[in-house]
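A.B. asks: Note that the working numbering has the sequence shown beginning at 30, numbered continuously upward. The beta carbon of each residue, even a glycine, is placed where N, CA and C say it ideally should be. Predicted, not measured: the structure shown is a model, and the values here were computed from it. My structure is below; once you've seen it, I'll send some questions.
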Amino acid sequence: MDVLGTQNISEAAIVSILHHGLAISRFKHSRLPAAEQRGDRPTGAVFLTRSKEALQEAVGFVSTSQEAILDNDSCSHWTPNIFRFGTYENPNCHVISGHSEDNLKQINTFVVDADFGDHKPSYSVDLYHKFIVTLDDSWTEIWPTILLETPHGYQAYYVLDRPVFVRRHNDQFPAITAAKMVSEAIRTAVAEQLPQVDPGANHFGFFRKPNEQNVCFFEPALTHDFGGLLAWAKRLQASAGEKNRVHFRVKQADQPWFIALTRAQVSRGDGMLGRNNTLLTLCLAGYSSGWTERDAYDYADQWNSGQREPLSDREVQRIVHSAFSGKYQGANAHYIAELTTAYAPDAAKPTGNQVWCKYAKVREDRQYSHLREWAKDLVKYVNNKTGRNADYLQITTRELRAQLGISSQMLTRVLHYVAELSLLKVVRK
C-alpha cells in the first residue's frame with residue numbers, strides 16, 4: 030500500500046485502510062497542492078463522529094475525501110469501510126444517515142474489538158500476539174495490520190491487500206455475506222485467546238479512528254488476501270457441521286435462560302459479552318418464538334429502561350431491526366451459554382441438541398461455570414500442589430483440565446484471567 034506523502038503514522042494508517050476508495054482532495058476549498066488534486070475522484074462516503082456520546086446519538090458528519098478525514102484528526106470514531114453515499118436526517122443537528130449494510134460500497138478491513146472494562150492491561154508485544162490468528166494449517170497466520178488503544182481496551186485492524194467491492198445480485202449482497210463469515214471467524218479465533226472480544230458486534234460499523242495517541246502498532250506490509258481468508262472461514266464452517274446448527278424444539282422466549290437474562294443487569298464490558306449482543310440474543314429468541322417486530326421493540330425498550338447503563342433508543346431500534354432482518358434463525362447457543370455464564374450463572378444451560386433443563390444444575394454438572402469460580406479453583410489447586418517448599422508447579426494443560434473438570438477453551442480463558450490479575454504467573458513452554 031502506497032502511504033508516501035503522509036505526515037505521521039496515523040495518517041499513514043488511514044491511507045492504507047482507505048485503499049484510494051475516496052477522492053484524494055476536497056471537491057471545493059482544498060488546501061492540497063494543485064498537483065495532488067488531479068486524478069480520478071472515486072465516489073463514496075465515510076462517516077465520522079467527534080465522541081462516543083455523539084456516536085450513540087448518530088451525531089456526526091459525512092466525508093467524501095481523504096483530505097477531509099485527515100484534517101479531522103480530533104474525531105474519535107469513523108467507518109473504515111466505505112459507503113456509497115451519506116446524508117443527514119436533520120442537517121441542523123448533524124444526525125447522520127446511510128451507514129447501513131445495504132449501502133456499503135467497499136470493504137477495506139476487518140476490526141476486532143477487545144473491551145477489558147476497568148481491567149485493561151498495558152500494551153505489550155505479548156498482548157499484540159493474542160490478536161494473531163493461526164489458520165488451520167498451523168503455518169499461516171493472520172497478523173493485525175494496526176492495533177489501536179481505546180479507553181477500555183484495544184481494536185485490531187486486519188486490512189485487506191485489495192478491497193472487496195459490494196454489488197447487489199438478485200436482491201442479495203453476496204460480498205457482505207462472505208465478508209461477515211470471515212469477520213466472525215477472525216473474531217471467534219481471537220476470542221479463544223481474548224474472551225474480552227465480542228464476536229457479535231457490528232462487523233461494518235463505527236470503530237476508533239487512528240490518531241497519534243492511540244496507534245500502538247502499524248505495519249503497512251501486513252495486509253491479507255480476502256480469497257484466502259474466505260477459504261479458511263468456509264473450512265471452519267464445514268468442519269463444524271451439525272454441531273453449529275441450531276434446531277428448536279421449544280420456544281426460546283419461554284426458557285429459564287431467557288427469563289434470567291431479562292432480569293439481569295448487563296455491564297458495558299469487563300471482559301464479557303456486552304449489552305448489544307445480549308439484547309440482540311434476547312430479540313432473536315423472541316423472533317424464533319413468533320413475536321412481531323413491534324412486540325420485540327416493546328420488550329427491548331422495557332429491558333433497556335431497566336439497565337443501569339442503557340443504550341440509546343436509536344441503538345435499540347437498530348438491534349431489533351437486525352434481529353428481524355431474516356438473516357438469523359434464532360438465538361445462537363454459543364452466545365446464550367456465554368451470556369448466561371457472565372450475567373446469570375444460575376440459569377439453566379442448553380444440553381445436547383437444544384434440550385433445556387427446567388432447573389439449575391449443581392456446579393459440577395454444569396458445562397459452563399463462572400470464570401472467577403474456576404480461577405479460584407485453579408489458584409487453590411496450585412497452592413495445594415506446591416505447598417510451602419516450592420514456588421512453582423510444572424503441569425500440562427491436559428492434567429489441569431482433568432483435575433479441574435474444565436474444557437480446553439475455558440481453561441485458556443481462566444489462565445489469561447489469573448495472569449492478568451496477577452493471581453498466578455503463567456509460563457507456557
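Please report the distance separating the alpha-carbon of Asn413 from that of Ser436.
C.D. replies: About 21 Å.
A.B. asks: Identify every residue that forms a DSSP beta bridge with Asn101.
C.D. replies: Paired residues: none, contrary to the question.
A.B. asks: Alpha carbon to alpha carbon, how far is Ser341 from Trp286?
C.D. replies: 25 Å
A.B. asks: Within the chosen definition, does the segment 78–85 reach the segment 130–140 through at least 3 CB pairs nearer than 8 Å?
C.D. replies: no
A.B. asks: Measure the beta-carbon distance from Val408 to Leu422 and round it to whole angstroms, keeping in mind my assumption that it falls under 8 Å.
C.D. replies: Not really, about 11 Å apart at Cβ, beyond 8 Å.
A.B. asks: Report the option in Ser94, Arg323, Arg79 and Pro228 whose CA atom is closest to the CA atom of Thr307.
C.D. replies: When only C-alpha atoms are compared, the closest one is Pro228.
A.B. asks: Please return the same chain residues whose Cβ sits closer than 8 Å to the Cβ of Gln346, not counting the five positions on each side in sequence.
C.D. replies: Tyr326
A.B. asks: Tell me the DSSP secondary structure of Tyr357 in three-state form.
C.D. replies: If DSSP states are grouped into helix, strand and coil, Tyr357 belongs with coil.
A.B. asks: State whether the segment 251–265 contacts the segment 151–171, with contact taken as three or more CB pairs (one from each stretch) at a distance under 8 Å.
C.D. replies: yes
A.B. asks: Using CA atoms only, rank isn't needed, just tell me which of Arg237, Trp332, Val88 and Thr217 is closest to Asn15.
C.D. replies: With the chain covering only 30 through 458, there is no way to say anything about residue 15.
A.B. asks: According to DSSP, is Val275 part of a helix, a strand, or is it coil?
C.D. replies: Per-residue confidence for Val275 stands at a pLDDT of 41, beneath the threshold of 50, marking its modelled position as unreliable; no derived number is given.
A.B. asks: Start and end of the alpha helix (DSSP H) containing Gln346?
C.D. replies: Run containing Gln346: Asp342 to Ala352, per the alpha helix (DSSP H) assignment.
A.B. asks: Return the residue from the list Ser94, Lys238, Val154 and Pro224 that minimises the CA-CA distance to Val447.
C.D. replies: When the alpha-carbon of Val447 is set against those of Ser94, Lys238, Val154 and Pro224, the nearest one is in Pro224.
A.B. asks: In chain order, what residues of the same chain lie with their CB nearer than 6 Å to the CB of Lys159, ignoring the 5 residues before and after it?
C.D. replies: Gln222 and Leu223
A.B. asks: Are three or more beta carbon pairs between the segment 197–207 and the segment 96–114 nearer than 8 Å?
C.D. replies: no
A.B. asks: Along the chain, where does the beta strand (DSSP E) containing Ala185 start, and where does it finish?
C.D. replies: Gly182 to Phe194
A.B. asks: In its own chain, which residues sit with a C-beta less than 6 Å from the C-beta of Met210, not counting the 5 before and 5 after it?
C.D. replies: Ala262
A.B. asks: Per DSSP, which one or two residues make a beta bridge with Ala52?
C.D. replies: Ser94
A.B. asks: Name the two residues that bound the continuous alpha helix (DSSP H) containing Ile205.
C.D. replies: Segment Pro203 to Ala220, the alpha helix (DSSP H) holding Ile205.
A.B. asks: May I ask you to report which of helix, strand or coil DSSP gives Thr321?
C.D. replies: coil
A.B. asks: Do Tyr187 and Thr174 come within 8 Å of each other at the CB atom, strictly closer than that value?
C.D. replies: In contact: Thr174 and Tyr187 (Cβ atoms closer than 8 Å).
A.B. asks: Compute the beta-carbon to beta-carbon distance between Trp107 and Phe235, rounded to the nearest angstrom, for a pair I have assumed lies under 8 Å.
C.D. replies: Contact between Trp107 and Phe235 is confirmed by a C-beta separation of about 7 Å, below the 8 Å threshold.
A.B. asks: Taking all protein chains shown into account, do 16 or more other C-beta atoms lie within 10 angstroms of the C-beta of Ala377, making it buried, or fewer, making it exposed?
C.D. replies: Summary for Ala377: the model assigns pLDDT 49, below 50, so the residue's position carries little reliability; its value from the coordinates is reported in the next sentence. Burial state of Ala377 is buried, judged by a 10 Å Cβ sphere holding 16 or more other Cβ atoms.
A.B. asks: Helix or strand or just coil, what does DSSP make of Ala42?
C.D. replies: helix
A.B. asks: What did DSSP end up calling Lys238 once you bin it into helix, strand or coil?
C.D. replies: coil
A.B. asks: Going by alpha carbons, who is nearest to Glu241 out of Glu402, Glu40 and Leu453?
C.D. replies: Glu40
A.B. asks: Name the two residues that bound the continuous beta strand (DSSP E) containing Phe76.
C.D. replies: Counted as a single uninterrupted DSSP element, the beta strand (DSSP E) harbouring Phe76 occupies residues Val75 to Thr78.
A.B. asks: Kindly give me the distance between the Cβ atoms of Gly303 and Asp144, rounded to whole angstroms, as I take these residues to be in contact under 8 Å.
C.D. replies: Contact holds; Cβ gap of about 7 Å.
A.B. asks: Give me the Cβ distance between Thr252 and Leu189, rounded to the nearest whole Å; I'm assuming they're in contact under 8 Å.
C.D. replies: That belief holds up - the Cβ atoms of Thr252 and Leu189 are roughly 6 Å apart, short of 8 Å.
A.B. asks: In this structure, does DSSP put Cys312 in helix, strand or coil?
C.D. replies: helix
A.B. asks: Using the C-alpha atoms, what's the distance from Ile46 back to Asn110?
C.D. replies: 8 Å
A.B. asks: Quick check: Val372 and Val295, are their CB atoms within less than 8 Å of each other?
C.D. replies: According to the sequence shown, residue 372 is Tyr rather than Val. Yes, these two residues count as a Cβ contact at 8 Å.
A.B. asks: Which same chain residues end up closer than 7 Å to Asn37 when comparing Cβ atoms and leaving out the 5 residues on each side of it in sequence?
C.D. replies: Glu241
A.B. asks: Kindly indicate the opening and closing residues of the alpha helix (DSSP H) around Thr369.
C.D. replies: Ala362 to Tyr372
A.B. asks: What residue from Thr369, Ala74 and Val193 has the CA that sits closest to Gln284's CA?
C.D. replies: Thr369
A.B. asks: Assuming Leu433 and Asp406 form a contact by the criterion Cβ under 8 Å, report the distance between their Cβ atoms to the nearest whole angstrom.
C.D. replies: 6 Å
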